[in-house]
Amino acid sequence: MRKFVFFGGKGGVGKTTMSSAYAVKCARDGVRTLLVSTDPAHSTSDVFDQSFTDEPAAVADESNLDAMEIDPETEVREHLMETKRAMGDQVSPAMVNEIDRQIEMAHQTPGAYESALFDRFIDVMRSADDYDRVVFDTSPTGGTLRLLSLPEYLDGWIQRLLHKRKESVKLFERAAIGNNEPRRMMDGDPIIARLEQRRDDFSFAKETLQDAAAFFLVVNPDELSLRETERAIDQLDSFGLDVRGLAVNRLTPEPDPDESGRGATFLRERVKTERERLADLRENFSPPLVAAVETRVAEVKGDFLGEVAAELAVDTALDTQ
Numbered sequence: 001m002r003k004f005v006f007f008g009g010k011g012g013v014g015k016t017t018m019s020s021a022y023a024v025k026c027a028r029d030g031v032r033t034l035l036v037s038t039d040p041a042h043s044t045s046d047v048f049d050q051s052f053t054d055e056p057a058a059v060a061d062e063s064n065l066d067a068m069e070i071d072p073e074t075e076v077r078e079h080l081m082e083t084k085r086a087m088g089d090q091v092s093p094a095m096v097n098e099i100d101r102q103i104e105m106a107h108q109t110p111g112a113y114e115s116a117l118f119d120r121f122i123d124v125m126r127s128a129d130d131y132d133r134v135v136f137d138t139s140p141t142g143g144t145l146r147l148l149s150l151p152e153y154l155d156g157w158i159q160r161l162l163h164k165r166k167e168s169v170k171l172f173e174r175a176a177i178g179n180n181e182p183r184r185m186m187d188g189d190p191i192i193a194r195l196e197q198r199r200d201d202f203s204f205a206k207e208t209l210q211d212a213a214a215f216f217l218v219v220n221p222d223e224l225s226l227r228e229t230e231r232a233i234d235q236l237d238s239f240g241l242d243v244r245g246l247a248v249n250r251l252t253p254e255p256d257p258d259e260s261g262r263g264a265t266f267l268r269e270r271v272k273t274e275r276e277r278l279a280d281l282r283e284n285f286s287p288p289l290v291a292a293v294e295t296r297v298a299e300v301k302g303d304f305l306g307e308v309a310a311e312l313a314v315d316t317a318l319d320t321q
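Going by full-length UniProt numbering, the letters in the sequence shown line up with residues 1 to 321, in that order.
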């Protein structure tokens, strides 16, 4: 198994349960593991009955396991403030107020969440040397796919910005007369340096996601979840990402043979439908099923989490290549 493991899927299918169970499975197999939640719901704290912040902290009663929760709203604010500081250093005082106004508007624009969260992803992946495995509990599929597609789309955009900035600096230098005008040397231009850093970040992320990450999709046995999972597989494949398997969650337990009545009849019909959908997943979806987990009578935490971990047919051994 690769170092970085992502669990994604439609909202509410049980990604936190599966990612937490797999992190526990890795840790109990002696693999030094970090569990990272990027879901705004932050159910990881509920699963382990322990509060987490955006810095790794040891999970109680689980050796080899740390966890952290990234707050997307905080990341957006810090991302925009850092951009404001960087831009403020490059413009005249008269432009600072306009930059502040534009930054506040950017806070509400589509993509601000993904961009800020992506920077945090990069930070976590770059600073993961202390861990053998990093397990990501991601936000619902749509947001995750937009996030993972950023390196593919933004690399070309950054290259075009770099080209325009370098052309602008060249024109500025040609217009400078003697020592009477400030001269911006290409090698020392802070905006070019910033753009080149962004380009390097995207290149690192793209290479890491394609070569050192494995993806698992969590799915419930209903038609809507199956169809969204099918689309997600196609999109992840198109980005060159490694979809290793499907974890089916919340299967209905079958009643005992001697049970009768309305409730038992309902359960048998539901089980029959779910088995047809499981057959569909096995026959028509390319990634294999790595788990088929029944609904528990209580929240999946404590001993239940260990039970789910045992049902996950996902390798924990380290990739030695």
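Cβ coordinates follow ideal geometry from the N, Cα and C atoms, glycine included. On a predicted model such as this, the values are computed, not experimentally measured, just so you know.
Exposed unless 16 or more other CB atoms sit within 10 angstroms - verdict on residue i
i      : result
Pro72  : buried
Glu223 : exposed
Lys164 : exposed
Asp137 : buried
Ala291 : buried
Lys272 : exposed
Glu69  : buried
Thr38  : buried
Arg133 : buried
Glu274 : buried
Asn220 : buried
Asn180 : No answer about Asn180 holds up, because its pLDDT of 48 lies below 50 and its placement is not dependable.
Ala232 : buried
Arg250 : buried
Pro257 : exposed
Gly261 : exposed
Segment limits, beta strand (DSSP E) that includes residue i
i      : result
Asn249 : 242-251
Leu65  : 65-69
Val134 : 133-137
Alpha carbon of residue i to alpha carbon of residue j, nearest angstrom
i      : j      : result
Phe216 : Asn97  : 45 Å
Arg2   : Val248 : 21 Å
Pro288 : Lys170 : 55 Å
Ser45  : Glu62  : 14 Å
Asn64  : Glu259 : 44 Å
Pro255 : Ala264 : 6 Å
Asp119 : Lys166 : 25 Å
Arg184 : Leu117 : In this prediction, Arg184 scores a pLDDT of 49, lower than 50, which makes its location untrustworthy; no coordinate-derived value is stated.
Asp66  : Lys15  : 18 Å
Asp29  : Ala128 : 19 Å
Pro182 : Glu78  : With a pLDDT of 49 at Pro182, under the threshold of 50, the predicted position of this residue should be treated as unreliable, and no value is reported.
Cys26  : Ala317 : 8 Å
Leu80  : Ala279 : 47 Å
Thr252 : Leu267 : 7 Å
Glu311 : Arg160 : 48 Å
Val76  : Glu276 : 43 Å
Leu241 : Ser286 : 14 Å
Met125 : Ser203 : 13 Å
Glu307 : Gly12  : 20 Å
Pro56  : Leu209 : 21 Å
Leu305 : Val59  : 13 Å
Secondary structure of residue i, DSSP reduced to three states
i           : result
Val219      : strand
Met1        : coil
Ser260      : coil
Thr33       : strand
Phe121      : helix
Phe52       : coil
Ala116      : helix
Leu289      : strand
Glu181      : Note that Glu181 scores 49 on pLDDT, short of 50, meaning its location in the model is unreliable; the coordinates nonetheless yield the value given after this. Reduced to three states, the DSSP call for Glu181 is coil.
Arg296      : coil
Gly156      : helix
Ala279      : helix
Phe239      : coil
Ala193      : helix
Leu318      : coil
residue 347 : Because the chain is modelled from 1 through 321, residue 347 falls outside the range shown and cannot be assessed.
Ala128      : coil
Ala212      : coil
N- and C-terminal bounds of the alpha helix (DSSP H) containing residue i
i      : result
Glu307 : 303-311
Arg28  : 15-28
Integer Cβ distance of residue i from residue j, believed to fall under 8 Å
i      : j      : result
Ala309 : Ala21  : 4 Å
Glu228 : Lys10  : 5 Å
Val5   : Ala214 : 5 Å
Leu246 : Leu195 : Rounded, the Cβ-Cβ distance is 39 Å, inconsistent with contact.
Ile122 : Asp211 : About 15 Å separates the two Cβ atoms, so there is no contact after all.
Leu34  : Ser19  : That belief does not hold up - the Cβ atoms of Leu34 and Ser19 are roughly 11 Å apart, past 8 Å.
Val135 : Ala205 : So it is not a contact: roughly 17 Å between Cβ atoms.
Val218 : Phe7   : 6 Å
Minimum Cβ-Cβ distance from residue i to chain C less than 8 Å
i      : result
Val219 : In summary, chain C is missing from the structure at hand, where a single protein chain is found.
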